[in-house]
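With positions in the first sequence counted from 1, the corresponding number in the numbering used here is that position plus 350.
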Amino acid sequence: MSETKQRRTYDPTDLEHRWQERWAESGLYKTDEDENKPKHYALTMLPYPSGDLHVGHWYPMTPSDTRARFMRMNGFRVFFPIGFDAFGLPAENAAIGRGIPPRDWTYSNIERMRGQLRQMGAMFDFDSEVVTCDPEYYRWNQWFFLKFFERGLAYRMEAPVDWCPKDNTTLAREQVVGPDKRCERCGTPVIKKNLPQWLFKITDYAEELLDFSKIDWPERVETLQRNWIGRSEGAEIRFEIEGYGPVEVFTTRPDTLFGATFFVMSPEHPAIEAITTPEQSEEVRAYVERAAKMSEIDRTDVTREKTGVFTGAYAINPANGEEIPVYIADYVLMGYGTGAIMAVPAHDERDFEFAKKYGIEIRTVIAPPDWNGEDLDEAYAGEGTMVNSNECDGTPSTEGKEKVTAWLEERGAGKATVTYRLHDWLISRQRFWGTPIPIIFCDECGIVPVPEEDLPVLLPEDTEFMPTGESPLKLDPGFYNTECPRCGGPATRETDTMDTFMDSSWYWYRYLSPHYDRGPFDPERGEKWLPVDQYTGGIEHAILHLLYARFFTKVMRDLGLVDFDEPMTRLRNQGNILGPDGQKMSKSRGNVVNPQEYVDRFGSDALRCFLMFIGPWNEGGPWDGKGIEGVSRWLRRALSLVTGGVSSGGEADPSELPRRTNRLVKKITDDLGAFRFNTAIAALMEHTNYLLAVRGREEWHEALRTFVTVLSPFAPHHAEEMWAAMGEDYSVHEQAWPGYEEALIQASEITLIVQVNGKLRDRIEAPADISEETAKELALSSARVRPHLEGKELRKSIYVPGRLVNLVVG
RNA sequence: GCGAGAGUGGUGGAAUGGUAGACACGCUAGAUUUAGGAUCUAGUGCCUCACGGCGUGCGGGUUCAAAUCCCGCCUCUCGCACCA
351 MSETKQRRTY DPTDLEHRWQ ERWAESGLYK TDEDENKPKH YALTMLPYPS GDLHVGHWYP
411 MTPSDTRARF MRMNGFRVFF PIGFDAFGLP AENAAIGRGI PPRDWTYSNI ERMRGQLRQM
471 GAMFDFDSEV VTCDPEYYRW NQWFFLKFFE RGLAYRMEAP VDWCPKDNTT LAREQVVGPD
531 KRCERCGTPV IKKNLPQWLF KITDYAEELL DFSKIDWPER VETLQRNWIG RSEGAEIRFE
591 IEGYGPVEVF TTRPDTLFGA TFFVMSPEHP AIEAITTPEQ SEEVRAYVER AAKMSEIDRT
651 DVTREKTGVF TGAYAINPAN GEEIPVYIAD YVLMGYGTGA IMAVPAHDER DFEFAKKYGI
711 EIRTVIAPPD WNGEDLDEAY AGEGTMVNSN ECDGTPSTEG KEKVTAWLEE RGAGKATVTY
771 RLHDWLISRQ RFWGTPIPII FCDECGIVPV PEEDLPVLLP EDTEFMPTGE SPLKLDPGFY
831 NTECPRCGGP ATRETDTMDT FMDSSWYWYR YLSPHYDRGP FDPERGEKWL PVDQYTGGIE
891 HAILHLLYAR FFTKVMRDLG LVDFDEPMTR LRNQGNILGP DGQKMSKSRG NVVNPQEYVD
951 RFGSDALRCF LMFIGPWNEG GPWDGKGIEG VSRWLRRALS LVTGGVSSGG EADPSELPRR
1011 TNRLVKKITD DLGAFRFNTA IAALMEHTNY LLAVRGREEW HEALRTFVTV LSPFAPHHAE
1071 EMWAAMGEDY SVHEQAWPGY EEALIQASEI TLIVQVNGKL RDRIEAPADI SEETAKELAL
1131 SSARVRPHLE GKELRKSIYV PGRLVNLVVG
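Following this line, the structure appears as structure tokens:
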């Protein structure tokens, strides 16, 4: 066969289509339910149906598939489902901008993406697909909401939300864009506005969420979650404000209490109006107003000079009875602690800056080591010895924390407490394309949950969208007018829908039984498959999605739905695949790489393998499509091992065949276990080159079988084609993963490295079991080595068995 | 500012105390009696005709031996950022 002809015969697209059809016909990827095998639930994050799969989807999914296949070949029954995270803003924007109903837009995108997913050649079990905007799915979102509500985990309160004054609507977090926080649609800077909102009490689980002992997750994700939860131990201290009453502060440094020379409240603090004296009220009101108008970005700009105003009020320091002035200042945030602080300028950088500016006393109460009694040039936040603190003088500050807290507790002026940065999860969205919150407002009965049997509360079908983006549910009497389930009187429905993170907080449970109608999932199926053994997805979900997922599972445990504490035993993150410009891939930047053109030209195996080959999977990196040609060449060469056509004149030792085959199996086994896809592919390439060079030997056919078997998780179509061409029984994907013998991997011959003073001087071929003595003799007698020893004394020699001799001379 | 990670050929990367640059891309030369965005062969870190020397961000250290371990610095990326 001529080379030209061979090139024409290599048509990866045709080959892949053939096998995809065969796989579908034969049900090859139907989930194996054989309970004699250990289970493996492999989960990859479900995509948002934006319209087309891009390489940002291929990058996490195909290596996850490779690993799922590997587990299957290792004797596990593997469940590897896929679905669509189908609620969300883009669908609504399509409706507003182009008049396409969100449902139509979403389902047509899903239809297209289903085909693209199949093209990937992954072993997804498409029978268990879940689409989160199906009433069949979101009904259970509503059910969960009701369960949360019953347990007091869902509650309604006034909460500040991002509000676009032009569109006259609130915005979801992800709709607020840019460093200066503007509305995604119209570019208007957003403001904060108080609205009644539904929240989930995730803070009840803050402490438990800090415990990662039951899961094997990347250190980085744990750290991010830990920081996000932001646990701080300290004390709540009660300061009496003259003529008003007690106001509490939170501090992590009760030991500095004697140094509190002023008191600061956030401009949003509810007590401000009551404590402000008439003389100061004008100034205070102006400051509060200015703070309210200020954009979030200005407000939280760390480099801005501290500002504040005196309220005219004084607070009494419970430690020493001193009167200290009460200020309001925007560097104190209402959203953390109690919204008020005791200011200790000597030992807090921010308080120091403020005190300097307003001429407030800076009293050192923690002596730094080697302190000479002079005033501090800057705040000292470290530990030291307590001074100027009455009976506490001389106490180390580390002990002082407890001592002061205990003292306060005795007098009812404070207590030890723990504060979290984590806030309750605000789930209300003033949006259409989401799960309706199953709540009814009745003038007589108040807030009434929709009875379980009335679920789901369906989204209306024919809806008109306002160009302003305001949720049509608010303007749809057919939707919101209803009867009170309790008293039967006229009532209105909640028109807010749920945050889409709700959908992704439990979807892997639904995969188990997507049409089950007696609960969110069939407990028998859960028994068989839960929890998820291996989750894969992007690091960008380290906090929100993955924290909510853990929270949900803990609540589900408390509801008796599951009997474990963590949703996913093991998590691994891929890095981000960036655009060719090194920037994050996004439609607006125009740097999105469409996998289709690569699939059409090189086939999906080539794209899969290329994505695994470009570098460590957890690092990601910019896309450079050129290299895919090398991978494509390799696959063609691999295929030619069976079909012929590619010749190789390279020289290789055929007797190495068993050793190299064993070594390959070990390498691929180890690499796949550790998510090192890039080095696994490199080893497969190397082995292909070797097999080509020694083609046709006695043991060759058996070695080829092994090679094709270990190739199959990476390039499933090509491996299947080769398997069939070798006359083996369908399918290679049902073969057992080959084992290897450690003993066979050892080479009989080694290259002995000879160094002189650590520098490489010669390489000598020697038997692997060479003795130290012989090795040294060989080294000393080497012609390349001798010149470097001349006139010098051999002081020492190091022998590393099977590797090297280092001669130390001087 | 705080926290985490990373710096290796022209490029992606490999090597986690013992042969630096595996495997690829690209490039150079040759073969395929036409062509080449095909294929095959050989070469390809830098300097040097060669012997050899130099070389993993920079500076120091530990060691017989350092990309790898330790100390200091620089640069980049990603989080968080007035959290009391």
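Don't be surprised by glycine CBs; every beta carbon is placed ideally from N, CA and C.
Report the three-state DSSP secondary structure of residue i (helix, strand or coil).
i: W578; result: helix
i: T354; result: Below a pLDDT of 50, predicted positions are generally treated as unreliable, and T354, at 38, falls in that range; the measurement from the model is reported next regardless. DSSP places T354 in helix when its eight states are reduced to three.
i: E947; result: helix
i: W1200; result: Here the chain comprises residues numbered 351 to 1160, so residue 1200 is not present and cannot be evaluated.
i: N831; result: strand
i: M692; result: strand
i: D566; result: strand
i: K387; result: coil
i: P810; result: coil
i: V754; result: helix
i: M395; result: coil
i: Y681; result: coil
i: P452; result: helix
i: F815; result: coil
i: L365; result: helix
i: T359; result: helix
i: A663; result: strand
i: Y686; result: coil
i: C742; result: helix
i: G797; result: Inspection of the sequence shows that residue 797 is occupied by Ile rather than by Gly. Residue state, collapsed to three classes: strand.
i: Y379; result: coil
i: I712; result: coil
i: N443; result: helix
i: F782; result: coil
How would you label residue i, buried or exposed, when you count the other beta carbons within 10 angstroms and need 16 or more for buried?
i: P799; result: buried
i: A374; result: exposed
i: H1051; result: exposed
i: S1131; result: exposed
i: L1157; result: buried
i: E728; result: exposed
i: V694; result: buried
i: K1017; result: buried
i: V1015; result: buried
i: V652; result: exposed
i: R939; result: exposed
i: R781; result: buried
i: M906; result: buried
Contact check, residue i vs residue j under 8 Å by CB: the rounded distance?
i: M411; j: M470; result: 7 Å
i: T482; j: Y861; result: Rounded, the Cβ-Cβ distance is 11 Å, inconsistent with contact.
i: P604; j: V638; result: That pair is no contact at about 29 Å.
i: P668; j: R588; result: 7 Å
i: S855; j: A899; result: 5 Å
i: P413; j: F1027; result: 5 Å
i: P945; j: L403; result: 6 Å
i: V912; j: L957; result: Between L957 and V912 the Cβ distance is about 37 Å, and since that is not below 8 Å, they are no contact.
- Can you find at least 3 beta carbon pairs, one from the region 1134-1141 and one from the region 1094-1111, that sit closer than 8 Å? yes
- 4-residue-minimum alpha helix (DSSP H) runs that sit fully inside the region 399-438, ordered along the chain: 405-423
- Where in the region 531-557 do unbroken runs of the beta strand (DSSP E), each at least 3 residues long, occur, reported from the N-terminal end onward? 541-550
- Task: Tell me the start and end of each unbroken alpha helix (DSSP H) in the region 1072-1143 that is at least 4 residues and wholly inside, in chain order.
- Result: 1092-1095 and 1122-1131
- Go through the region 910-938 residue by residue and report every complete run of the beta strand (DSSP E) that reaches 3 residues or more, in order. 918-924
- Taking only runs of the beta strand (DSSP E) that begin and end inside the region 471-515, which ones reach a length of at least 3 residues, in chain order? 504-514
- At which residue ranges does the region 848-923 contain complete beta strand (DSSP E) runs of 3 or more residues, listed in the order of the chain? 882-888
- Item | Uninterrupted alpha helix (DSSP H) stretches inside the region 953-1033 (no shorter than 4 residues) | 954-963, 978-993 and 1007-1023
- Hey, is the region 941-952 in contact with the region 389-397, meaning 3+ C-beta pairs nearer than 8 Å? no
- Complete beta strand (DSSP E) runs within the region 581-658 (minimum length 3 residues, chain order): 581-591, 595-601 and 612-615
- Do the region 504-522 and the region 923-938 touch if we need at least three Cβ pairs shorter than 8 Å? no
- Query: Should the region 654-673 be regarded as contacting the region 699-715, the criterion being three or more beta carbon pairs within less than 8 Å?
  - Reply: yes
- the region 809-824 / the region 574-593 touching (three or more Cβ pairs under 8 Å): no
- Can we say the region 551-562 touches the region 882-896, given the rule of at least three CB pairs closer than 8 Å? no
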